[in-house]
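S.K.: Structure in structure tokens, see below.
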Amino acid sequence: MIDEVGKFTVESEGFVNSVRLALQHDLPTLLTLHKKSRHPLLQDIRRRDDARILEVTPVNRSLLPYKIHKLIQEL
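Just so you know, we're using this note's numbering here: the sequence shown kicks off at 871 and counts up by one.
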């Protein structure tokens with residue numbers, strides 16, 4: 871789990887390299903992404919075929935933990 875791949879954390883080359891390394895492994899990875907960032911790392915993550923993007927909104931915020939738990943159980 872990586873919280874948060876955001877506009878300030880991606881300024882660290884070490885952080886970016888660590889995230890890229892984590893994504894190279896064939897293991898489920900849960901990340902939170904900054905919605906508006908256009909950093910190449912976030913763009914690469916969004917383009918992945920094996921990524922499932924869930925947007926957090928005030929309406930679904932309380933239900934997402936259950937949805938994420940279900941998705942993990944289905945792996």
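Built from N, CA and C at the ideal position, the CB exists for glycine as well.
Nothing here was measured: the structure is a model prediction, and the numbers come from that model.
1. Measure the beta-carbon distance from L903 to V926 and round it to whole angstroms, keeping in mind my assumption that it falls under 8 Å.
2. Would you grab the beta carbon distance between M871 and L912 for me? Rounded to a whole angstrom, and I think it's under 8 Å.
3. Please go through the same chain and pick out, in chain order, the residues whose beta-carbon is closer than 8 Å to the beta-carbon of R918, but skip the five residues on each side of it.
4. Considering K938, what are the terminal residues of the alpha helix (DSSP H) in which it resides?
5. Determine the direct distance from the alpha carbon of D914 to that of H895, and round the result to whole angstroms.
M.R.: This is what the structure holds:
1. Actually they do not touch by this definition, with Cβ atoms about 10 Å apart.
2. At roughly 17 Å, the Cβ-Cβ gap does not stay under 8 Å, so M871 and L912 are not in contact.
3. L893
4. This sequence places Ile at residue 938; Lys is not what is there. Counting along the chain, the alpha helix (DSSP H) containing I938 begins and ends at 934-943.
5. 15 Å
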